[in-house]
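Novice: What follows is a structure written as structure tokens; I'll ask about it next.
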Amino acid sequence: MKKLTIKSWALDDRPREKLVAKGKSVLSDAELIAILIGSGNKEESAVDLSKRILNSVNGNINKLAKLSIDVLTSFKGIGEAKAISIITALELGKRRQFEASTQKPKITSSKDAFDIMQPIIGDLQHEEFWVVFLNNSNKVLAKEQISKGGLTATIVDVRLLFKKALELGAVGIIVCHNHPSEKLIPSNADKQITRKIKEAGITLDIKLLDHLIITEKAYFSFADEGIL
Numbered sequence: 644m645k646k647l648t649i650k651s652w653a654l655d656d657r658p659r660e661k662l663v664a665k666g667k668s669v670l671s672d673a674e675l676i677a678i679l680i681g682s683g684n685k686e687e688s689a690v691d692l693s694k695r696i697l698n699s700v701n702g703n704i705n706k707l708a709k710l711s712i713d714v715l716t717s718f719k720g721i722g723e724a725k726a727i728s729i730i731t732a733l734e735l736g737k738r739r740q741f742e743a744s745t746q747k748p749k750i751t752s753s754k755d756a757f758d759i760m761q762p763i764i765g766d767l768q769h770e771e772f773w774v775v776f777l778n779n780s781n782k783v784l785a786k787e788q789i790s791k792g793g794l795t796a797t798i799v800d801v802r803l804l805f806k807k808a809l810e811l812g813a814v815g816i817i818v819c820h821n822h823p824s825e826k827l828i829p830s831n832a833d834k835q836i837t838r839k840i841k842e843a844g845i846t847l848d849i850k851l852l853d854h855l856i857i858t859e860k861a862y863f864s865f866a867d868e869g870i871l
């Protein structure tokens, strides 16, 4: 029995032709993935196989992007080349999102800061601590990673943080770190670091505007919650 390729489908069921005729926005996630892989297996069309792959991650594209080649090739009909096509397409999407975020020059709310930093640290499997440096118009001067790994007060070097701020001429900073656990409750270490940075900033006249805890889809703002 031949594989069920896209070319063998009825015209109305072909995602490539559908994209050309009606535009990319009308295609489902499964149809977009079907275009990437081109064919299914003996029992499934490319769309059905794509639906099964998506179902394995509860339809979550971000989780799909984290699947390894080994996991993807465990699906019948997905060889290494198709797995690489899926991974490559999703990585390009992530980079596009990152580029879009870097074009936002001004932060006026915690949501703006989240939109800038989520593509960078939102889906990481380890913790990273970053600082966004701002001028007096709240325009972003730079973004820099301060630490990587577990978060403790000793790992975040406040001296280096403010050395960079002084070099850039920053008058405000927003600190951010991610929680791979997806829990948005600040820990005692989170609160301790926030106090330490805030106090140092007062001495140098560089204001700590916010501390964001970022997960894949949401964030916690110390400023919004009134505990900064």
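Residue numbers 644 to 871, in my numbering, belong to the letters of the sequence shown in order. Even glycine gets a Cβ: it sits at the ideal position worked out from N, Cα and C.
Identify every residue that forms a DSSP beta bridge with Leu-851.
Specialist: Per DSSP, Ile-816.
Novice: Expressed to the nearest angstrom, what Euclidean distance is found between the alpha-carbon atoms of Lys-824 and Ala-708?
Specialist: Sequence check: residue 824 is Ser here, not Lys. Going by the C-alpha atoms only, they are around 17 Å apart.
Novice: On a CA-only basis, which of Ile-857, Glu-842, Gly-812 is nearest Pro-829? Give me that one, please.
Specialist: Answer by Cα proximity: Ile-857.
Novice: In the structure shown, what three-state DSSP assignment does Ala-653 receive?
Specialist: For Ala-653, the predicted model reports a pLDDT of 49, less than 50, meaning its position is unreliable; a value from the coordinates is still stated below. Note: Ala-653 maps to coil in three-state DSSP.
Novice: From the DSSP output, in three-state form, read off Ala-785 for me.
Specialist: In this structure, Ala-785 counts as strand in the three-state DSSP scheme.
Novice: Quick check: the Cα distance between Ser-711 and Val-775, rounded to an integer number of angstroms?
Specialist: Roughly 31 Å between the two C-alpha positions.
Novice: Is it the case that the CB of Val-818 approaches a heavy atom of the ligand PLP more closely than 7 Å?
Specialist: No copy of the ligand PLP occurs in the structure displayed, which carries no ligand at all.
Novice: State the Cα-Cα distance for the pair Ala-726 and Lys-806, rounded to the nearest angstrom.
Specialist: If I take the Cα positions, the gap works out to 44 Å.
Novice: Could you tell me the distance, in whole angstroms, from the CA atom of Ser-671 to the CA atom of Ile-678?
Specialist: Answer to the nearest angstrom: the Cα atoms are 11 Å apart.
Novice: By DSSP, does Lys-749 sit in helix, in strand, or in coil?
Specialist: In this structure, Lys-749 counts as strand in the three-state DSSP scheme.
Novice: For the beta strand (DSSP E) containing Glu-771, list its first residue and its last residue.
Specialist: Start and end: 771-777.
Novice: Looking at Thr-837: is its Cβ nearer than 8 Å to the Cβ of His-822?
Specialist: Their beta carbons are not under 8 Å apart, which means Thr-837 does not touch His-822 by this criterion.
Novice: Got a sec? Which residues, its chain only, sit under 6 Å from Asn-779 by beta carbon, not counting five neighbours each side?
Specialist: Excluding sequence neighbours, Asn-779 sits near Val-814.
Novice: Helix, strand or coil, according to DSSP, for Asn-705 in the structure here?
Specialist: Residue state, collapsed to three classes: helix.
Novice: Within 10 Å of its beta-carbon, does Phe-741 have 16 or more other beta-carbons around it, so buried, or fewer, so exposed?
Specialist: The residue is exposed, with fewer than 16 neighbouring Cβ atoms inside 10 Å.
Novice: On the criterion of 16 or more Cβ atoms from any shown chain inside 10 Å, does Leu-784 qualify as buried, or is it exposed?
Specialist: Buried: at least 16 other Cβ atoms inside 10 Å.
Novice: Excluding sequence positions up to five away, which residues of its chain have a Cβ less than 7 Å from the Cβ of Gly-765?
Specialist: Answer for Gly-765: Asn-821, Ile-857, Thr-858, Glu-859, listed in chain order.
Novice: What's the C-alpha gap between Ile-817 and Gly-736?
Specialist: Cα to Cα, Ile-817 sits roughly 26 Å from Gly-736.
Novice: If we ignore side chains and look at the alpha-carbon of each, how far apart do Cys-819 and Ser-790 end up?
Specialist: Whole-angstrom Cα-Cα distance: 11 Å.
Novice: Do you know whose CA, among Ala-673, Phe-772, Phe-757, lies nearest Asn-701's CA?
Specialist: Checked all of Ala-673, Phe-772, Phe-757; the closest Cα to Asn-701 is Ala-673.
Novice: Here's a check: name, in chain order, each residue in its chain whose Cβ is nearer than 7 Å to the Cβ of Val-801, leaving out the five neighbours to either side.
Specialist: These residues qualify, in order along the chain: Lys-839, Ile-840, Ala-843.
Novice: Report the residue from Leu-697, Asp-755, Lys-850, Thr-751 whose alpha carbon sits nearest the alpha carbon of Pro-729.
Specialist: Note on identity: in this sequence residue 729 is Ile, with Pro being the wrong assignment. Here the closest residue by C-alpha is Leu-697.
Novice: Quick check on DSSP: helix, strand or coil for Ala-866?
Specialist: In the structure shown, Ala-866 sits in coil (DSSP, three-state: anything other than H, G, I, E or B).
Novice: Any idea what DSSP makes of Asn-684, helix, strand or coil?
Specialist: Here Asn-684 sits in coil by DSSP.
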